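Numbering of the sequence shown is given in UniProt numbering, commencing with residue 1 and proceeding in unit increments.
Ideal Cβ positions, reconstructed from N, Cα and C, are used throughout, including at glycine.
All values derive from a computational prediction rather than experimental measurement.
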Amino acid sequence: AGEMVEFASGVKGIALNLENENVGIVVFGSDTAIKEGDLVKRTGSIVDVPAGKAMLGRVVDALGVPIDGRGALSDHERRRVEVKAPGIIERKSVHEPMQTGLKAVDSLVPIGRGQRELIIGDRQTGKTAIAIDTILNQKQMNSRSTSESETLYCVYVAIGQKRSTVAQLVQILSEANALEYSILVAATASDPAPLQFLAPYSGCAMGEYFRDNGMHALIIYDDLSKQAVAYRQMSLLLRRPPGREAFPGDVFYLHSRLLERAAKRSDQTGAGSLTALPVIETQAGDVSAYIPTNVIPITDGQICSETELFYRGIRPAINVGLSVSRVGSAAQLKAMKQVCGSSKLELAQ
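Following this line, the structure appears as structure tokens:
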């Protein structure tokens, strides 16, 4: 299972169900050209995507094919989309700060390089804005950095968003000259469910190139609720038994195997890192729904944004009472610790 196949029309697919009488294949692309009796060939390879510095500044789809109209990718390596997360020995505890440039986050819920911090909240509460501001704010840090190990490369994965939203994002990033250190992976709302399911893993493989080569990367999954919905759609069509909220039984594993790949490597393995900021959209502030309660224990803390705060003009609309960072002040610089140490205590009282 997991092997790429090719249909007679040239459309690719991936084999997910292997049974005695049949094979369940999900199609990456339009299924209109596929008809009964067509020949389907095995490719003999697992799904892989291009990775490397050639990807910076580009917009690609879930299979790594450029969609920005700027020609083919220059020299790059290919990486498997599904790989195992680094083991315990290959990791190191998070100790370097990943500054977002947002005071509310950097002071009260600090994020370290190699951490996974969930951004959770209702629609239209500025979750994406927090993520995009983080990318834009790396501009100053990256322009000041002298070595490779200080630069933070960014990967933004848009799952199930409108094409106009993605185009707007590209424009914002290019106007701020932030595209030069960013990769955009887009599986828009009009793309088939398998591509929306695959996009986060593709983006992760691109981010892992930096992690495994002693560099630092930040990956934003916007948002994982839509990936879960796409996966539910695929699973139901493949006749897998549904569970709670009609999601399949392995929807926890869907997100855990993805987020476990964000890690801080040990000094022996190059000391690179991949920081993840997954986004989850809640319905009417219900943090105890199925997908939110799945992702909260996988991540190392969460930033909760609230509609009420947003409408009161408090932006970013972060509820500091509900937001936590399980790495805490280990991910802060000494100066920042001295400034913020007292404010945490005051908040707690």
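(request) Determine, using beta-carbon pairs with one atom in the region 93 to 109 and one in the region 189 to 198, whether at least three such pairs fall under 8 Å. (result) Judged by Cβ distances under 8 Å, the region 93 to 109 makes no contact with the region 189 to 198, as fewer than three pairs qualify.
(request) Count the other CB atoms, across all protein chains shown, that sit within 10 Å of the CB of S325; report buried if there are 16 or more and exposed otherwise. (result) S325 sits buried, since 16 or more C-beta atoms from the chains shown fall within 10 Å of its C-beta.
(request) Please determine if the region 39 to 46 and the region 160 to 168 are in contact, where contact requires at least 3 C-beta pairs separated by less than 8 Å. (result) Output reads no: the region 160 to 168 does not touch the region 39 to 46.
(request) Compare the Cα-Cα distances from Q161 to each of V327, A178, L184, L179 and report the closest residue. (result) Checked all of V327, A178, L184, L179; the closest Cα to Q161 is L184.
(message) Tell me which residues share the same chain as L16 and place their Cβ nearer than 8 Å to its Cβ, disregarding the 5 neighbours each side in the sequence.
(response) Only A1, G2, G24, I25, V26, M234, L238 meet the Cβ criterion.
(request) Please classify K92: does DSSP put it in a helix, a strand, or coil? (result) DSSP places K92 in coil when its eight states are reduced to three.
(message) Tell me the rounded alpha-carbon separation between Q124 and E308.
(response) The straight-line gap from Cα to Cα measures roughly 11 Å.
(request) For my contact list, A331 and V94 are in at a C-beta cut-off of 8 Å; report their separation, rounded to the angstrom. (result) A331 to V94, Cβ: 6 Å. Contact.
(message) Please tell me whether Y153 and A217 are closer than 7 Å, where the distance is taken between their beta carbons.
(response) For Y153 and A217, yes; Cβs fall inside 7 Å.
(request) Report yes if the CB atom of M215 is closer than 7 Å to the CB atom of E260, and no otherwise. (result) The answer is no: Cβ separation not under 7 Å.
(message) If distances are taken between C-alpha atoms only, which option among M55, A348, G249 comes closest to G207?
(response) Scanning M55, A348, G249 for the CA closest to the CA of G207 turns up M55.
(request) Express the C-alpha separation of R58 and N177 in angstroms, rounding to a whole number. (result) Straight-line Cα distance between these residues: approximately 13 Å.
(request) State the Cα-Cα distance for the pair K226 and L274, rounded to the nearest angstrom. (result) Rounded to the nearest angstrom, the gap between the Cα atoms of K226 and L274 is 22 Å.
(request) Using alpha carbons as the reference points, say which of K337, A186, Y209 lies closest to G64. (result) Nearest of K337, A186, Y209 to G64, Cα basis: A186.
(request) Measure the CB-CB distance between L118 and P316 and report whether it falls below 7 Å. (result) Contact flag unset, no.
(message) Rounded to the nearest angstrom, what separates I159 and P200 at their Cα positions?
(response) Between I159 and P200, the C-alpha separation is close to 8 Å.
(message) For Q171, tell me which candidate among I120, L136, M141 has the shortest Cα-Cα distance.
(response) Nearest option by C-alpha distance: L136.
(request) Indicate, with yes or no, if the ligand ATP has a heavy atom lying under 6 Å from the CB of G37. (result) The ligand content of the structure shown is nil, which means the ligand ATP is not present either.
(request) Taking 7 Å as the cut-off, decide whether the C-beta atoms of I280 and I89 are in contact. (result) Their beta carbons are not under 7 Å apart, which means I280 does not touch I89 by this criterion.
(message) Buried or exposed, going by whether 16 or more other CB atoms sit within 10 Å of the CB of residue 379?
(response) This structure gives no information on residue 379, because the portion of the chain shown stretches from 1 to 349.
(message) Rounding to the nearest angstrom, what Cα-Cα distance links L108 and S143 in this structure?
(response) Straight-line spacing of the CA atoms in L108 and S143 works out to 26 Å.
(message) I need the straight-line Cα distance from E82 to L258, nearest angstrom please.
(response) About 9 Å.
(request) Pull up the distance between the alpha-carbon of G13 and that of Y290, whole angstroms please. (result) Straight-line Cα distance between these residues: approximately 29 Å.
(request) Consult DSSP for F28 and reduce its assignment to one of helix, strand or coil. (result) Correct three-state label for F28: strand.
(message) Quick check on the DSSP output: the alpha helix (DSSP H) that includes T307 runs from which residue to which?
(response) The continuous alpha helix (DSSP H) containing T307 extends over residues 307 to 311.
(request) Out of D122, I34, K264, point me to the one whose CA is closest to S288's CA. (result) The option with the nearest alpha carbon to S288 is D122.
(request) For the beta strand (DSSP E) holding P278, just list the boundary residues, first then last. (result) Per DSSP, P278 belongs to the beta strand (DSSP E) from 273 to 281.
(request) State yes or no: is the C-beta of L322 within less than 7 Å of the C-beta of C304? (result) Going by C-beta atoms, L322 is nearer than 7 Å to C304.
(message) According to DSSP, is G203 part of a helix, a strand, or is it coil?
(response) Helix at G203.
(message) Rounded to the nearest angstrom, what separates D61 and T188 at their Cα positions?
(response) C-alpha of D61 to C-alpha of T188: approximately 9 Å in a straight line.
(request) Could you check the C-alpha separation between R80 and D48 for me, to the nearest Å? (result) Roughly 4 Å separates the two Cα atoms.
(request) Just tell me which of K35, L198, L345, I132 has its CA closest to the CA of M4. (result) Of the candidates K35, L198, L345, I132, the one whose C-alpha sits nearest the C-alpha of M4 is L198.
(request) Within 10 angstroms of the Cβ of Y253, are there 16 or more other Cβ atoms? Answer buried if so, exposed if not. (result) Y253 comes out exposed.
(request) Pick out whichever of P50, P86, K84, A85 has its Cα sitting closest to the Cα of A72. (result) Here the closest residue by C-alpha is P50.
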